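One structure is given here, and the rest of the page talks about it.
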Amino acid sequence: AQSVTQLDSQVPVFEEAPVELRCNYSSSVSVYLFWYVQYPNQGLQLLLKYLSGSTLVKSINGFEAEFNKSQTSFHLRKPSVHISDTAEYFCAVRGSGGSNYKLTFGKGTLLTVNP
Amino acid sequence: DAGITQSPRHKVTETGTPVTLRCHQTENHRYMYWYRQDPGHGLRLIHYSYGVKDTDKGEVSDGYSVSRSKTEDFLLTLESATSSQTSVYFCAISGEGRGTEAFFGQGTRLTVV
Chain A
1 AQSVTQLDSQ
11 VPVFEEAPVE
21 LRCNYSSSVS
31 VYLFWYVQYP
41 NQGLQLLLKY
51 LSGSTLVKSI
61 NGFEAEFNKS
71 QTSFHLRKPS
81 VHISDTAEYF
91 CAVRGSGGSN
101 YKLTFGKGTL
111 LTVNP
Chain B
1 DAGITQSPRH
11 KVTETGTPVT
21 LRCHQTENHR
31 YMYWYRQDPG
41 HGLRLIHYSY
51 GVKDTDKGEV
61 SDGYSVSRSK
71 TEDFLLTLES
81 ATSSQTSVYF
91 CAISGEGRGT
101 EAFFGQGTRL
111 TVV
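Residue numbers (the numbering used here), protein chains in the order written: chain A, 1 to 115; chain B, 1 to 113.
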């Protein structure tokens, strides 16, 4: 079984401030980890993913996440946010082996960037 | 954008009636998923499919059934709709291979009155 815990349901920040959205997971097998973003009234889009190798992964719009196996975490960070980053962010986990293609999501974190 | 279409996009139905939502893909991906999204619950997996006629239950499958007779179509049926099934439903598709991410449809907003 696998599960994902997003520790903050809402994170309000001011524009140009740094932000961290926290994600912890549990799984009995090796995993792939994902962050998705959902803008209002839209579907989900992949933001970034960790498969293996370097524990720090980056997106094209300035977000990064670090995989920490010992702490079973995959926190998302951005050093300076913009108004346009306002959205809901979902952390997700999937088993990396065999036939486990079930993709499990956390409950989401609503990031609100204020001027 | 991945070729994935959900229909209808919006539906209002009465309690006790059956409802079918359709997910259609043009990517020939093997895996297809149905999720529901509710405030405070994130996305919860209802059912998923790992091939034609091969399906499995997710964490909230009670009251729902699915069918996949063709690679491109994955149908979700609410056998007898209840108000607790009012939600936004998302279909997702995923290919095989290492770390392949899921691509999502635009969602179907279902209201059961």
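Don't be surprised by glycine CBs; every beta carbon is placed ideally from N, CA and C.
As the structure is a computational prediction, the values presented were derived from the model and not from experiment.
Closest Cβ-Cβ distance between residue i and chain A: below 8 Å?
i         : result
PHE74(B)  : no
HIS29(B)  : no
GLN124(B) : Shown here, chain B extends from 1 to 113; a query on residue 124(B) therefore has no answer.
SER7(B)   : no
TYR89(B)  : no
ALA81(B)  : no
GLU14(B)  : no
Tell me, please, which residues DSSP counts as bridged to residue i.
i         : result
ALA92(A)  : PHE34(A) and PHE105(A)
VAL19(B)  : LEU78(B)
ARG30(B)  : Per DSSP, none; premise fails for ARG30(B).
TYR50(A)  : LEU33(A)
GLY42(B)  : ASP38(B)
GLN6(B)   : CYS23(B)
LEU56(A)  : GLU66(A)
LYS57(B)  : HIS47(B)
ASP73(B)  : HIS24(B) and LYS70(B)
THR112(A) : PRO12(A)
Are any of the Cβ atoms in chain B nearer than 8 Å to that of residue i?
i        : result
GLN10(A) : no
PHE90(A) : yes
PHE34(A) : yes
LYS69(A) : no
LEU46(A) : yes
Give me the chain A residues within the contact set of residue i, using Cβ-Cβ distance strictly less than 7 Å, ordered along the chain.
i         : result
GLY3(B)   : Correct list: empty, because the minimum Cβ distance to chain A is about 13 Å.
HIS41(B)  : LYS107
GLY105(B) : GLY43
Might you give, ordered along the chain, the residues of its own chain that have their beta carbon closer than 6 Å to the beta carbon of residue i, omitting 5 neighbours on each side?
i        : result
ALA92(B) : TYR33, ALA102 and PHE104
LEU75(B) : THR20, ARG22 and SER67
PRO12(A) : THR112
GLN85(B) : LEU78 and VAL112
THR26(B) : GLY3
GLU16(A) : SER80
Select from the options the residue whose C-alpha is nearest the C-alpha of residue i.
i         : options                                    : result
CYS23(A)  : THR55(A), GLY53(A), PHE105(A) and SER80(A) : PHE105(A)
VAL31(A)  : SER73(A), GLY43(A) and VAL37(A)            : SER73(A)
TYR101(A) : LEU76(B), GLY58(B), THR86(B) and ASP62(B)  : GLY58(B)
LEU47(A)  : GLY53(A), GLN38(A), GLN2(A) and LEU7(A)    : GLN38(A)
PHE14(A)  : LYS58(A), GLY62(A), ALA1(A) and ASP85(A)   : ASP85(A)
THR82(B)  : HIS47(B), ILE46(B) and VAL113(B)           : VAL113(B)
PRO18(A)  : ASN61(A), TYR50(A), SER80(A) and ASN41(A)  : SER80(A)
SER7(B)   : HIS24(B), GLY16(B), GLU14(B) and THR15(B)  : HIS24(B)
TYR25(A)  : ASN68(A), TYR89(A) and THR109(A)           : ASN68(A)
GLY49(B)  : GLU27(B), SER69(B) and GLY40(B)            : Note that residue 49(B) is Ser in the sequence shown, not Gly. Comparing Cα-Cα distances from SER49(B) to each of GLU27(B), SER69(B) and GLY40(B), the minimum goes to SER69(B).
ASN61(A)  : GLN6(A), LEU76(A) and THR109(A)            : LEU76(A)
GLY53(A)  : ILE83(A), THR5(A), GLU66(A) and GLY43(A)   : GLU66(A)
THR100(B) : PHE34(A), SER9(A) and LYS78(A)             : PHE34(A)
List, in chain order, every chain A residue whose beta-carbon is nearer than 8 Å to that of residue i.
i        : result
SER61(B) : Near SER61(B) there are no residues of chain A at all, since even the closest Cβ is about 12 Å away, more than 8 Å.
SER69(B) : Simply none; closest approach about 20 Å.
Only counting the same chain, and skipping five residues up and downstream in sequence, which positions put a Cβ closer than 7 Å to that of residue i?
i        : result
GLU96(B) : ARG30
SER87(B) : ARG36, GLN37, ASP38 and LEU110
GLN71(A) : none
ALA87(A) : VAL37, GLN38, TYR39 and LEU111
SER27(A) : GLN2, VAL93 and GLY95
GLU79(B) : PRO18, GLY63 and SER65
PHE90(B) : TYR35, GLN37, LEU43, PHE104, GLY105 and GLY107
ASN28(B) : THR71
Please compile the residues from chain A whose C-beta is within a distance smaller than 9 Å of the C-beta of residue i.
i        : result
LEU45(B) : LYS102, LEU103, THR104 and PHE105
TYR48(B) : TYR101, LYS102 and LEU103
TYR64(B) : In chain order: nothing, as chain A lies at least about 16 Å away.
List the residues of chain B whose Cβ lies closer than 9 Å to the Cβ of residue i, in chain order.
i        : result
LYS58(A) : Those do not exist, as LYS58(A) stays about 16 Å from chain B at its closest Cβ, beyond 9 Å.
May I ask you to check if the CB of residue i is nearer than 7 Å to at least one heavy atom of the ligand SAM?
i        : result
LYS69(A) : As far as ligands go, the structure on display features none, and thus does not contain the ligand SAM.
Leaving out five residues before and five after residue i in sequence, what residues of the same chain have Cβ atoms less than 8 Å from its Cβ?
i        : result
SER61(B) : ILE46 and HIS47
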